[in-house]
Each structure stands twice: as C-alpha cells, then as structure tokens.
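Remarks on the structure that follows.
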Amino acid sequence: MTPILELKNISKAFGPVKVLTGVDFDLYAGEVHALMGENGAGKSTMIRIASGDHRADEGEIRLDGEPRRFAGPREAQAEGIAVVHQELLLFPALSVAENVFLGHQPKTAGGFVDWARMRREARELLDRLDCPNLDVDQRVSKLSVADRQRVEIARALSRNARVLIMDEPTAALAEADVRRLLEVIRRLRADGVGIVYVSHRMNEIFEIADRVTVLRDGRSIGTSKVADVTEGSLVSMMVGRDIHQLFPKVDIPRGETRLEVSGLSLAGVIEDISFDLHAGEILGIAGLVGSGRTELAQTIFGVTPATAGEIRVDGAPRRIASVRDAIAAGIAYVPEDRGLHGLVRPQPLRENVSMAILDRLTRYAVVDTGREQRLASEAIERFSIRARDARQRVGQLSGGNQQKVVLAKWLATDPKVLILDEPTRGIDIGAKTEIHRLMGELARKGLAILMISSELPEVLGMSDRILVMREGRLSAIVDRKDATPDSVGAAMMQTRREPAAAGGAR
Amino acid sequence: MTRILIRHEAILGILFAVALFVMAAQSDRFLTTANLLNQARLMTEVGLIAIPMTFVIVTGGIDLSVGSILGLCAILVGVFWQNAGLPLPAAIGLSLLAGTAAGFANGLIITRFRVPPLIATLATLALYRGLAEGISQARSVRGYPEWFAVLGRGEFLGIPTQLWLFALVALAGIFLLRFTAFGRTTYAIGNSEAAAEFSGLPVERTKLLIYTASGFVSALAAIVFVSRVSTTRSDMGNGIELEVITAVVLGGTSIFGGRGMVIGTLIGLCLMQILQNGLSLSGVRGDGTTVVIGAVLIVAVLISNILGRFSND
Amino acid sequence: MSRRSFHAVSSLGQEILLVVVILALFAFVGAVNPRFVSENNLTSIFVGNAYIAVAAIGMSLVIVSGNIDVSIGALIGVLAVISGLLVTSGYPIWVAWLAPLLIGSAINALVGCLIAFARVPSIIATLAMLSILSGGLITFTGGRWISGLPAGYQLAQFRLLGVPSPVWFMVGMTIVAALLMRYTAFGRSVYAVGSNPEAARASGISPSSVVVRVFAIHGAIAGVAAVLFATQLQVIQSTTPVGLELVIITASVVGGVSILGGVGTVVGSTLAAILFAAIGSSLIFLNVSAYWLRAVQGVLILATVLADMARRRRTG
Chain A
1 MTPILELKNI SKAFGPVKVL TGVDFDLYAG EVHALMGENG AGKSTMIRIA SGDHRADEGE
61 IRLDGEPRRF AGPREAQAEG IAVVHQELLL FPALSVAENV FLGHQPKTAG GFVDWARMRR
121 EARELLDRLD CPNLDVDQRV SKLSVADRQR VEIARALSRN ARVLIMDEPT AALAEADVRR
181 LLEVIRRLRA DGVGIVYVSH RMNEIFEIAD RVTVLRDGRS IGTSKVADVT EGSLVSMMVG
241 RDIHQLFPKV DIPRGETRLE VSGLSLAGVI EDISFDLHAG EILGIAGLVG SGRTELAQTI
301 FGVTPATAGE IRVDGAPRRI ASVRDAIAAG IAYVPEDRGL HGLVRPQPLR ENVSMAILDR
361 LTRYAVVDTG REQRLASEAI ERFSIRARDA RQRVGQLSGG NQQKVVLAKW LATDPKVLIL
421 DEPTRGIDIG AKTEIHRLMG ELARKGLAIL MISSELPEVL GMSDRILVMR EGRLSAIVDR
481 KDATPDSVGA AMMQTRREPA AAGGAR
Chain B
1001 MTRILIRHEA ILGILFAVAL FVMAAQSDRF LTTANLLNQA RLMTEVGLIA IPMTFVIVTG
1061 GIDLSVGSIL GLCAILVGVF WQNAGLPLPA AIGLSLLAGT AAGFANGLII TRFRVPPLIA
1121 TLATLALYRG LAEGISQARS VRGYPEWFAV LGRGEFLGIP TQLWLFALVA LAGIFLLRFT
1181 AFGRTTYAIG NSEAAAEFSG LPVERTKLLI YTASGFVSAL AAIVFVSRVS TTRSDMGNGI
1241 ELEVITAVVL GGTSIFGGRG MVIGTLIGLC LMQILQNGLS LSGVRGDGTT VVIGAVLIVA
1301 VLISNILGRF SND
Chain C
2001 MSRRSFHAVS SLGQEILLVV VILALFAFVG AVNPRFVSEN NLTSIFVGNA YIAVAAIGMS
2061 LVIVSGNIDV SIGALIGVLA VISGLLVTSG YPIWVAWLAP LLIGSAINAL VGCLIAFARV
2121 PSIIATLAML SILSGGLITF TGGRWISGLP AGYQLAQFRL LGVPSPVWFM VGMTIVAALL
2181 MRYTAFGRSV YAVGSNPEAA RASGISPSSV VVRVFAIHGA IAGVAAVLFA TQLQVIQSTT
2241 PVGLELVIIT ASVVGGVSIL GGVGTVVGST LAAILFAAIG SSLIFLNVSA YWLRAVQGVL
2301 ILATVLADMA RRRRTG
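Residue numbers (the numbering used here), protein chains in the order written: chain A, 1 to 506; chain B, 1001 to 1313; chain C, 2001 to 2316.
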C-alpha cells in the first residue's frame, strides 16, 4: 500500500537558521500518525511545508506516490490536505455555516451563493462531527474554543480532506471536550482519513495514535508503532537526555512566607484560590489551558483585579487593583505572550528593560538615559543576552533572548515575588536551560517564584511544590517528592463535580 | 527605530531642499525674510495643532475634531465678549477652557467607552461644528480691540508674535515626546498598548491627557486665528484637520502609531507651506497647491514603505 | 426559519432600530406640522439626498472590507463637473451620464492598488486623494458653476410612475447591492477580508484583489451619486457640500457598519442616510434654526456609537 502523504528528506532553513534537516514522514489512509517534539523541534515548519504554506529547500512531497509541488495553501487544499490550526483561522464576525464554506460556497445554477444548501451541508458536516447543538447561524465570535475547533474541522471536511493535520488540537480543551474530539478523530479514521496528530500529551498519543514520529532539533529521531514505545522512551527521544539532567534543580531551604493568597476569586473565572509561597521556593502551577492558570497570575498581578479574596506580601495585606499596585507590592509577572504583553517589539532593548521602572528612572519627568543605558548594559551582561547593543530593537532578537529581556525588565523592579507564565515556550533548548538555571539562581537569592507551565516535565523538574488547577479551582497541591506525571496529570484531568461544590460555584 | 526615522527625515530634508531651490529659482520674491516670516505666520494655526496631533497619532489614534474645536472656540470668544459682555481676556480664558473640555470629552469617549478614535472624533467633529453653527447662527463677530490684533498680526522682536507661541508649544512637544516618561509611554502605547498596560504604564491617563491637550491647543489656535483675521465665523478651521494630519504623516509619523517625532512634523509643516507659497508665487492658484501636497503625501509614504521593506523588521 | 436565522447573524437590530426612529420622527414632526409629511416635502427630502444614500452604499463596502475613504466628497464633486463639462461641450447625454461611472471606477481602482499593493493605509491614501481631487477641482473650474445644461440631461428630475428617479436609484441600488453582498462569493469575500484577512488568505481568497475590486465598485457607485448630484438643479456647483465625506461615512456607521470591518449591511446605511435627510428637513418644520442641524446630527452619531459599543460589550 502506498502512503497518501509522504515527506522525503525535507530540509528547510530560515536565513542562517536550519529548522529541518532531512526529515522523513509518511501517512497512510485511515491512520492517526502522531508527531511529537519539544517546542522549536520543527513540528510547525513541517506542517507548513506539508500544507503548502512554506516550500522545502530540499526533499520532496509525494501524494499517493506522485511527487508534488504546492505553490500555496490553496493547491494543497485542492489535493485534500487540510490543517486545523492551533490559532484557529476563522472569521469571528461571520456565521458558522459561512466559516465552514468560505472560499468554496455551494452555488445555485445562476452562480449565486446557495445559502439554504450551505446551511444544510454545514449542518450535515457538524452532525458528522457529533455536535448537533451547534447552530449553523451562530456568529463564530460567540462560540467556545471547542466549538470553534469543530467549525474548523468541519471546514477541513467540507473540502473533502483526505489528510487532516491537527496542530495541538487539545491544547485549549477541557477534558470532556478532549473526549469528544478523540471520538471524532476515531470516526474520521474509520472513514479513511489520514490524520497527522501533533500533541504534547502522552495519554492522548497512547489512546489515539497508531504510529508516532519524534522530531528533535529539526531531525527525525525515529518512527515507531505506538504499541512499541513507552512514555519514558518517548520523552528521552524528545529531549535526548534524562529528565534529571535536563532540569538543573537546586535544593534551597524554604525561607519565610513571601506571598499569601487566600480565597482569591475573579467572578466566573477563578474561584476561591488559597496558597502561600516562600522565599527561595519555586511553586509550579499545572493545569490544562483554560483551567485558569494565567487568569490566576493576572489576577494576582492586577491586570484583572480580584473580585474577592486577599493577597498578602510579606505579611502585609495589599489591595491590588492595577498593575501599578502589583509592582508597588513587589510582584512581577513575565507573561505568556511575549510578543503581545511582554515586550514592545519595535522599541530598543534599552527602552524595554526600563519600561516597568520608568518612574524610578525619571528626574523632573525627564528619563535619565545614562542610568537607563547602564541598566541595559548590566542586563545584557548578567543574562548574556545576544544583542548588537542596547539600542537594538527587541523584535530582532531570538525568542530566548527576548525572554531574557522580559526577565531583565521585571528583575529591574526588584521584586519579591516573580510570576513566570510559560517561561520557556517557543525558545530553543539552550536558552531554555539557561532560563532554568537562572530560576534556580534567583530562588537562591531569596526570590519567591510562581511558575506556570504546560510542559509537565518542566513543572515536575523545576518545582518544589506543584499547585494543580482545574476549571478555575485549585484541585491539588502536590509536594515535589510525591509529584509524578500520573499524580499531577490525574489532578489536572479529573472531572468529578461534587454537588456541594456546584452549589457554591455559580 | 531611530534608523528608519533618520532615513525618513533625510528624505524629507532632501525634498525640502529641492523645493526651496526650485521655488527660489521660480520667484525672487520667495527667498526673502519678509516672505518667509509671513509664511510662518500663516502656518501657525496648522502648526500649533500639529504638535499635539503628533502625540495623538504616535499613540495610534487620530483626532478629526480639531478643526471643529477651533471653530467652536473662535465662536465662543465672540459670543462671550460681544453677546455676554465679558472682558475680552475673560472671554479668551473661557474659550480656552471650552476647547480643553472638548478635548477631554474626546479622551473620555475614547478611553472610557473604548470607541475607536476615528469614530469618536468623527462624531465630535460633527457635534462641535454643529454647536459652533448653532450658537453663532452664522453671524460673525467683528470689531475686536486694537491690542488683540497684536497676537495675530503684530511682531515681537521683529518676529511675528504667534511664532513665539508656536515655538513655545513646539519646544514643549519636543521635550515631552523625546525626553520624558510621558513621551516614552506615548510611544509604548502606539507600539503595543497591551505591553504598555502590562508594564504598569499609565495608558488611560496618558491618552486622556493627549486628547485634552489636543483640544486645548486647538483652542489656542482659534485665538491666534481670530486675532489674525479680526473676525469670528463658525466655519473657521473647516478641513484644517486634514492639513494637520497631512503635515504630521508627511513628517514621518506612522499612522499606525509607535513611530514619529515632533521635529519631523515641523519639517513636514515647512515643506507644505513652502510648496503652497512657492506655487502660488509662480502663478499656481491657491487650490492647485493642495494637489501637490496630496501627491507629496502619497510619495512620502510610498518611499518610506519601500525603505521600510528593505530595513529588517 | 431561514429568514429568521439570517437576522440573527446580520446586524438587523440596527436596521429595525433605524426604521423605528425614522417612523417616529415622521410621526412626531408630522403631528406638529402636517406639511412635513406632504408629498412635496417628502419629494424634496429624497431627491435632495438620495445621492448621499447611494454613495453610502459604496462606502459601506469599503468599510466592511476594513478600509475607509475620506475622499468621496471630492470625488463626487469632480465627477459631477466632468459630467457637466462633457454635456455642455456637446457630447451625447448618455456619455455624460456614463463617463463618471467609468472614471470614478478607474480613479478608485488606482487608490485601491495603492492600498492593496503599495500598503499605503487607506486613510492616508484617501486623505491624499482628497487634497488632489478637491484642489484640482477648484483650480480647474475656478469655482465657477456650470450652466446652460441641455434639456433632457436632468436625470434626477425624471419621474417614473410618479416617483422621482433618485428614489428609484436609491432603492434599486440598495437592493441590488444587498443581494450581491449576500449572495455572491465576491460579496462574502468582502466580509471575510474585513473580518480576518489572514484567514481569508488561508481560504484561498486574495485580500489584495478584493480590496481593489471593492474600491473600483465604490468608484462606480460614486459616479452614479455624482450624476444624481449634478442633475438635480439647472446648474452644477463645482463644489460639493462641506463635509460630505463625513456625512457619507457617518451614514454607513450609523447604519450598523462596524468601522473595525467585517460587519454591516448596505440597507442600514441607506436608512441612516434617509434619517439624516429627514432630520435636516424636520428642523425647519419644527421652527428650529437649520444651523443646529449638525449639532443634532453630532449628538445622534455619538449616541449611536456609544449604544453600539455598549451593546457589543454586552454580547461580547
């Protein structure tokens, strides 16, 4: 049997950066082939090449054994290759039916858009995806993430996709929605669709995938039947090292209490969160995307002020109604989305590093650029930021160096509590290790660190204690010695709903 | 960032030099002190408003209502003075206050109600102009005392009086945008409002202040205008917002925000003014010059776009 | 079912609201002064303002596609003068009627190219066009009005079945545009590009070509508006009313077209244009000085915008 899709010896470089080197991948009809690898391993680039968005520098793509070249996504779509993007490329202002069929609407004999047929066919596709409750006339902006994803899958199916590439489809889904999605994938597989399934989540891979290919640093490390691998062997294939080597965790005696959070709530988002955080401690926060981790961090940081509860820093209660209040209380927050919230990318490194302490750097309203320059030079040296000089625009730096700039910016505020939201997302292994080492160093100096991460190995490897969140609530606090992928994973996933808790919920 | 700015300003500088040269060759009346000073006098009202407009556009916003505020404040000077019988200085003070309030209202609509600036100021453009028309009932006010004309037609140390005022506002603008935390915040808002907010910068307050300043300076321009022409009419300042925006954008300020300098705006203003003046001296009728300005605007943006594509982002 | 659910998707709320406000206005002013609803006055309201409603159709397309055009007033002025000059210099009347459509379309297609391919933001490109067109117009005509128009040229003064032709144009073009926007792939791609250009590209739509076509259509519609404007009187003014572009943009926005792109219908903008015209006329019949007109319009725009923001915040 010939595979429907075959990538042979694919290489791709962006400028001097080699992203893929001689990667092979194949996909048969009626198969789920998982693609795994750490952030930056080259998965996204591979997907983009397979879907015609990028062109490979070397190697070839075969469809049903025939070599093909795609000039753009449109040609790949015409051949039945569809991608369900992680960021969900939809039209928020338009209806569900329209989103499904945009670009290839059914037409009447006169060449006009046949709305009746479009709505009917959208309905059929959604029924096939087992979502009878999704209204085809609803505006997409009003849908939940899970429903938007179904719309995007329906869109792929409306083009008669034979190859469906799903880029971390469960990253933003609650457990019940994950179940439904896996069910849909099983049906599509039974219908003969070939599915490329990109995910970090081991349990999903073992549940749904037939084969798995691991990428590391732009190379394919190996392809195996899922039945032939274990979680442990997959992890070591992905990282190339043992977890303990990977995370340079240092043991630091727990200091006095820095941050106490009690009964913290943000109406409708997070509910009744209480914990404390000590000097020298790294407290990891685990949970699914959408479990309220980032929302908790942003509530403590004053972006979305709490609607109930108390925050104490060094024992003193602080009213945090804005970011300024949080900074004044000694709290710093390195956000998840560096490009959007962390940095002003078109501005120089120097101006970014000073941004959070601008009022401390001014005399009679004038910015003391001399001090600013010194601050920036020190930061470049201390964090070994690879930049031309302090005047270089941060947008031009690599992901890892950008993250170091964000860290430098927040450490300049001299915080007592440092919140790190996905501190190593999208940066290469080298920079990742550096940031982990830095975290240990900061903890040793008495900083209290709260770290949110979607990568379970990172949470397990770096944290002294792990705070697990689920559906806006605290579901468990696990000690380092008790923390295993199973114990933490279980706390993340449970879907029990005690009737008693439901009463207090809404 | 500075590189691109310098490039854009270099282009402008060259354009400016070429225009000067061509105009001087066309007419020997052009390059005279008397003519240049007079041109500067005519430029002042647009120039004044262009300073806060630079801030507005750097934040990624726009203020279309400045011409209407100018009209409204001009009318109010006349109404307070002639109809309400207040002393002229008091009338001027109240009019400045009204302009400031109008700008503050713009700021509130934009920051509190999150209405996009284009729409918010489009609405207040109609509203303020409508108030000017309604209050004045198309009657003009004349007969201002002699001393009042000093501002618009007089001289101080051999230089038109209003130029001193303009220089003051321009210097304040340069200082604020370039050297202060306020200016830094302005750029940060224009480049990434979310990041500015996450860095604890006072985003709302800064925007509110900028739109308020825009209203205040528009009122100031109204006073200069009334003094210069010695009369108040409700259609004063009609369409001035487009001239102002043209000058600012011509001066290298990105309409998307985050980039721009007051110096650039000043060069843009001078370029516009000498083009107008030079063309009219060489026989092109007044409105023909606006054609050239429009063309220059497109060319300037095109060139900076092309250069922007070559500079690595 | 189909109709009902279409309503749920479109911004029909705004349109119903506008109809209610228009009817209420006519009822109220008519009760105070019955001459307001006389045929004579209704005719003058529609005939004098239909060109604004027509131009607002094209503007709505432009705004839905995520752009804006501030040069429309000047363009209408230029096209009206071109039409007048053609007919007074002996060209057949039909040429004078059709040429503005083609010329308007060509000019705006060029503007569309500047926006789509040279990446000049639409507000800048059209701001520059405003300078060029308005300056060029006054320089060329010297502000003189065009008179001596031949008989049979006054398209806007014709009547069909007793209804003045501008009303036919306004209603007909609104219906056609509404149908095209809803039932053609092109119409839907305008919404797609305005809503999310990135996703549009991923769906195989070329945002650049959509923008150029939108501007070309907008230019042709401006040509129709210009002919209606030019032929309503016995002379052609060489200037358009001050702030015409803002009235047209406002009609679109008040009609429910979101300035952020991707949302809105042409029916709403036409209704809003009618409402504005009616307000202007009603002031006279209520014995309010016409000089308050713009202030009233300003309050109305502000109220609509604030209500729209509040509604959007509620529904998310």
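Beta carbons: idealized from backbone N, C-alpha and C, even for Gly.
Where the beta strand (DSSP E) through A82(A) begins and ends: I81 to V84
Could you check the C-alpha separation between D479(A) and P253(A) for me, to the nearest Å? 14 Å
What does D359(A) reach in chain B if we use C-beta pairs closer than 7 Å? A1181
Simplified DSSP state of T2240(C), which is helix, strand or coil: coil
Taking Cβ positions, are A476(A) and E281(A) nearer each other than 7 Å? no
According to DSSP, what are the bridge partners of K8(A)? DSSP output for K8(A) lists E60(A) as bridge partner(s).
Determine whether the Cβ of P507(A) lies closer than 7 Å to any Cβ atom of chain B. Here chain A covers residues 1 to 506 and nothing more, so residue 507(A) does not appear.
I need the straight-line Cα distance from E121(A) to R211(A), nearest angstrom please. E121(A) and R211(A) have their C-alpha atoms some 33 Å from each other.
Taking a cut of 8 Å between CB atoms, which residues from the segment 1184-1212 of chain B lie near chain A? R1184, T1185, Y1187, A1188, N1191, S1192, A1194, A1195, A1196, E1197, F1198, S1199, G1200, L1201 and P1202
Within-7 Å CB hit, A93(A) to chain C: yes
Closer than 7 Å, CB to CB, is V2263(C) near chain A or not? yes
Among the residues of its own chain, which have a CB less than 7 Å from the CB of G330(A), if the five just before and after it don't count? V313, P415, K416 and V417
Does any CB atom of chain C fall closer than 7 Å to the CB of F112(A)? yes
Would you identify the three-state DSSP class for E98(A), choosing helix, strand or coil? helix
Are the C-beta of Q392(A) and some C-beta of chain C separated by less than 7 Å? It does not: the Cβ of Q392(A) has no partner Cβ on chain C nearer than 7 Å.
Answer yes or no: the CB of R139(A) versus the heavy atoms of the ligand FMN, is any distance below 6 Å? Inclusion of the ligand FMN in the displayed structure is not the case, the ligand content being empty and no account of it being possible.
Using a 10 Å radius around the Cβ and a threshold of 16 neighbouring Cβ atoms, would you call M1053(B) buried or exposed? buried
Am I right that Y1210(B) and V1046(B) are in contact with their C-beta atoms under 8 Å? What's the rounded C-beta distance? In the sequence on display, residue 1210(B) carries Ile and not Tyr. Between V1046(B) and I1210(B) the Cβ distance is about 18 Å, and since that is not below 8 Å, they are no contact.
Contacting positions in the segment 1079-1107 of chain B - beta carbon closer than 9 Å to chain C: none
Residue from I357(A), E124(A) and L234(A) with nearest C-alpha to R155(A): For the residues I357(A), E124(A) and L234(A), the minimum Cα distance to R155(A) belongs to E124(A).
If you draw a straight line from the alpha carbon of K249(A) to that of T433(A), how long is it in whole angstroms? The straight-line gap from Cα to Cα measures roughly 11 Å.
Nearest residue (CA-CA) to S1996(C), options G2219(C), G2194(C) and I2221(C): Coverage of chain C is limited to positions 2001 through 2316, which leaves residue 1996(C) absent and any answer about it impossible.
Given that G1258(B) touches chain A, what residues does it touch there, using C-beta distances under 7 Å? P346
With a 10 Å radius around its C-beta and 16 neighbouring C-beta atoms as the bar for buried, classify E231(A) as buried or exposed. exposed
With DSSP as the reference, label T170(A) as helix, strand or coil. coil
Sub-7 Å separation of G399(A) and I427(A) beta-carbons: yes
I need the straight-line Cα distance from L1169(B) to H2218(C), nearest angstrom please. Contrary to the premise, residue 1169(B) reads as Val rather than Leu in this sequence. C-alpha separation (whole angstroms): 41 Å.
Strand pairing of K107(A), partner residues [DSSP]: DSSP lists V113(A) as partners of K107(A).
Of all the CB atoms in chain B, is at least one closer than 7 Å to the CB of M166(A)? Output row for M166(A): interface = no.
Which of the three DSSP states is assigned to G194(A) in this structure? strand
Residue-chain proximity (P2241(C), chain B), Cβ-Cβ < 7 Å: no
By the 10 Å Cβ neighbour count, where 16 or more other Cβ atoms means buried, how is G268(A) classified, buried or exposed? exposed
How should Q2318(C) be labelled, buried or exposed, when 16 other C-beta atoms within 10 angstroms of its C-beta is the threshold for buried? The question about residue 2318(C) has no answer, for chain C in this structure spans 2001 to 2316.
For I2138(C), the nearest candidate out of V1284(B), A1120(B), L1297(B) and L1250(B) (CA to CA): V1284(B)
Would you identify the three-state DSSP class for I1303(B), choosing helix, strand or coil? helix
Distance, S1304(B) Cα to S1311(B) Cα: For S1311(B), the predicted model reports a pLDDT of 48, less than 50, meaning its position is unreliable and no value from the coordinates is stated.
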